[in-house]
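S.K.:
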Amino acid sequence: MTPGRWDAVVVGGGVGGLTAAHALRGRGLRVLVLEAADRCGGPVRGGALVRDDGARLAVDVGAESFASRGTGVADLAAELGLDVVAPSGRSAWIQAGGRAFPIPAAGVLGIPARPWAADVRRAIGWPGVLRASADRLLPAGRVDASDLGALVRSRYGRRVTERLVAPVATGVHSAPLGALDVDAVAPGLRAALAREGSLGGAVASLRALAPAGSAVRGVDGGVHRLVDELLAVLSGGTVVGGTVSGGTESAGGTVAGGTPLPPAEVRTGARVVGISSGIASGISVGDGGSGERSGWVVRLADGAPVLADRLVVATAGVTDGLLGPAPRRPAGSDVRLVTLLLHAPALDAAPRGTGVLVAPGGSDPGRPAGAKALTHATAKWPWLAARVAGVFGPGRHVVRLSYGRLGERTPEPTVAQAARDASVLLGVPLAEAAVEASDAVRWAGTLPPPTPAYRAAVAEHAARAEAVAGLALTGSWVAGTGLAAVVGHARAAAAAV
23 MTPGRWDAVV VGGGVGGLTA AHALRGRGLR VLVLEAADRC GGPVRGGALV
73 RDDGARLAVD VGAESFASRG TGVADLAAEL GLDVVAPSGR SAWIQAGGRA
123 FPIPAAGVLG IPARPWAADV RRAIGWPGVL RASADRLLPA GRVDASDLGA
173 LVRSRYGRRV TERLVAPVAT GVHSAPLGAL DVDAVAPGLR AALAREGSLG
223 GAVASLRALA PAGSAVRGVD GGVHRLVDEL LAVLSGGTVV GGTVSGGTES
273 AGGTVAGGTP LPPAEVRTGA RVVGISSGIA SGISVGDGGS GERSGWVVRL
323 ADGAPVLADR LVVATAGVTD GLLGPAPRRP AGSDVRLVTL LLHAPALDAA
373 PRGTGVLVAP GGSDPGRPAG AKALTHATAK WPWLAARVAG VFGPGRHVVR
423 LSYGRLGERT PEPTVAQAAR DASVLLGVPL AEAAVEASDA VRWAGTLPPP
473 TPAYRAAVAE HAARAEAVAG LALTGSWVAG TGLAAVVGHA RAAAAAV
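Be aware that the sequence shown starts at 23, since it is given in the working numbering, and climbs by one per residue.
1) Roughly how many angstroms separate the alpha carbons of W28 and L173, rounded to a whole number?
2) Taking a contact to mean a Cβ-Cβ separation below 7 Å, would you say V328 touches G39 in this structure?
3) Report the partner residues of Q117 according to the DSSP bridge assignment.
4) Whole angstroms are fine: how far does the CA of V357 sit from the CA of E287?
5) How close, in whole Å, do the beta carbons of A85 and P65 come, if the pair is a contact with beta carbons under 8 Å?
6) Could you tell me the boundaries of the beta strand (DSSP E) in which W28 lies?
7) Would you be able to state if there are at least three C-beta pairs under 8 Å between the stretch 365-385 and the stretch 186-206?
8) On a CA-only basis, which of A466, P416, G339 is nearest E434? Give me that one, please.
9) Could you check the C-alpha separation between Y476 and T341 for me, to the nearest Å?
10) Straight-line CA distance for G296 to A455?
11) If we ignore side chains and look at the alpha-carbon of each, how far apart do A440 and P282 end up?
12) Under DSSP, the beta strand (DSSP E) around V207 begins and ends at which residues?
13) Answer yes or no: do L362 and S460 have a C-beta to C-beta separation smaller than 7 Å?
14) Compute the distance between the beta-carbons of L56 and V33, then report whether it is under 7 Å.
15) Quick one: is G111 buried, meaning 16 or more other Cβ sit within 10 Å of its Cβ, or exposed?
16) Could you give the distance in angstroms between the alpha-carbon of R180 and the alpha-carbon of A156?
17) So V490 is in the beta strand (DSSP E); what residue range does that whole segment cover?
18) May I ask which residues mark the beginning and end of the beta strand (DSSP E) holding R350?
19) Could you pull the DSSP bridge partners for T496 from this structure?
20) Going by beta carbon distance, what residues of the same chain come within less than 6 Å of P285, once the five residues before and after it are set aside?
21) Going by the CB atoms, is the gap between G132 and V190 shorter than 7 Å?
22) Taking the alpha carbon of L344 as the reference point, which residue from R351, V319, L469, L202 has its own alpha carbon closest?
23) Just checking, does the stretch 218-231 make contact with the stretch 69-77 on the three C-beta pairs under 8 Å criterion?
24) Just to confirm the assignment: which complete alpha helix (DSSP H) runs, minimum length 4, are found wholly within the stretch 61-112?
25) Contact defined as beta carbons within less than 8 Å: I believe P134 pairs with P124. What is the distance between those atoms, to the nearest angstrom?
26) Compare the Cα-Cα distances from T290 to each of A323, H398, A154, S298 and report the closest residue.
27) What residue range is occupied by the uninterrupted alpha helix (DSSP H) comprising W403?
28) In the structure shown, what three-state DSSP assignment does E184 receive?
29) Under the DSSP definition of a beta bridge, which residues are partnered with G460?
30) Where does the unbroken alpha helix (DSSP H) through W148 begin, and where does it stop?
31) Please identify the residue among A368, L406, A401 whose C-alpha is closest to the C-alpha of D82.
32) Could you check if G346 is buried or exposed, using at least 16 other CB atoms within 10 Å of its CB as the buried criterion?
33) Quick check on this structure: which residue in V106, A348, V238, V53 has the alpha carbon closest to the alpha carbon of E482?
34) Just to confirm the assignment, what range does the beta strand (DSSP E) spanning S257 have?
35) First and last residue of the beta strand (DSSP E) that includes E57?
36) Once the 5 residues before and after D309 are set aside, which same chain residues still bring their CB inside 7 Å of it?
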């Protein structure tokens, strides 16, 4: 193989791109990954809490869980020698209308299956219950599915929409309900509504199909370990999770039968400025013969072209010259994530379960909190609680506070402000002196909302790509939000080329 030529090139080093590269390398192909940023992983990232005495613990400072639907992420973790773990089983809480209450059980994105249940009644009151109960009486066709908020409001009314669905769905997707496409954020809900004839019946049917237990899972040691291990395996190094290179089933070094796998190359700071077919560029890329492919020429900002027999594009905005202009992604919100290590034995009782989601405008006017969400990470993840106690001592807790809503100016909270917000949301006195370590990360333009118009435009763009041999698109821009969607889509994209 000539220098600068690869069996496969993957543009984009997020989890989707790395997963596709891992699958391609597993077929014995020489793979190059090109990532424009200075690090791989996208919104999956690890950081560290470091105390003044040098005690240190790695933590997630980006995504910290994934949806348990499907087995794609769990299968990938197993290949990498990582353990998938369940959360504690505690409920999270909502703060809306100036008060806090547990998220009702048996729901989808905050949409309850039984609006007359006691935990739902506590949240929305009898007027809300009576309005939501009309769902069973309304004709099945009386629904506005133009966006998630419109759908819930048309069947359940305003209180369910504002007090339950808004804090949960906007907390997950960092966008207002009106910007969320129903099929993208709640797959199967519209079909279930048509089948069951009511929103409550639809939610109940989806819950019945879901695996028992929590709807999310994590990784022992943090979700960021997926990126660490993918990079280790791609480079041909020993898997940190314990898989030994050289065996017939090793993720690191061989395929079944003992054939060594070539190491992949991952380049960061490699910005792609153009892609064209080999034929269009006047360059022969294929291997010759009647089955020759045209191949691809990938041009970088530094001017050095890269040749590829197969191309997987896992980031938006680089296929315009091939497929026509890609749909413009809606603006995402700027999110500030502050992680605190607290010495607060009062939190041992997990007074707000696994955390608090704040409805837009839902803070207590007398004690407003600037954060839109708080995760009590040590209450949510038993593995983390054990490691925090082992590294930092008893009575220590890790909380994550998220700031920034779409269309609003993102706050720049100090550690003192974050501690004050944690105190308000958790209902426990916390002085700034309780903070023993902290970390702050800003995510710019994160989680662009999957609007209905954008999803339709992406589907059209992806259909054009499917008609081109040797080319596949993947990544969150086409697969949708969340690791569960991205990993499965990336494997399919790799198989398609």
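Idealized CB from N, CA, C, for every residue including glycine.
M.R.: This is what the structure gives:
1) 48 Å
2) no
3) A122, V380
4) 31 Å
5) 5 Å
6) 27-33
7) yes
8) A466
9) 17 Å
10) 52 Å
11) 50 Å
12) From DSSP, V207 is part of no beta strand (DSSP E) but of the alpha helix (DSSP H) over 204-207.
13) In contact: L362 and S460 (Cβ atoms closer than 7 Å).
14) yes
15) exposed
16) 13 Å
17) First-last for V490: undefined, no H or E at that position.
18) Premise fails: R350 is in no beta strand (DSSP E) and is neither H nor E.
19) Answer is none; T496 lacks a bridge partner.
20) Around P285, the same chain offers S257, G258 as residues with beta carbons nearer than 6 Å, after the five sequence neighbours per side are excluded.
21) In this structure, G132 lies closer than 7 Å to V190 by Cβ.
22) V319
23) no
24) Those alpha helix (DSSP H) runs which fall completely within the stretch 61-112 and span 4+ residues are 94-101.
25) Their Cβ separation, rounded to whole angstroms, is 12 Å, which puts P134 and P124 out of contact at 8 Å.
26) Among A323, H398, A154, S298, the Cα nearest to that of T290 is on A323.
27) In the DSSP annotation of this structure, W403 is not part of any alpha helix (DSSP H), being labelled neither H nor E.
28) Here E184 sits in helix by DSSP.
29) A small correction: the amino acid at residue 460 is Ser; Gly does not occupy that position in the sequence shown. DSSP, once it has assigned bridges, lists L362 as partnering S460.
30) 140-155
31) Taking each of A368, L406, A401 in turn and checking the Cα distance to D82, the smallest one comes out for L406.
32) exposed
33) A348
34) Unbroken run through S257: none, as it is neither H nor E.
35) 53-57
36) At D309 the pLDDT is 48, less than 50, meaning the model places this residue with poor confidence; the figure from the coordinates comes in the next sentence. Hits under 7 Å: none found.
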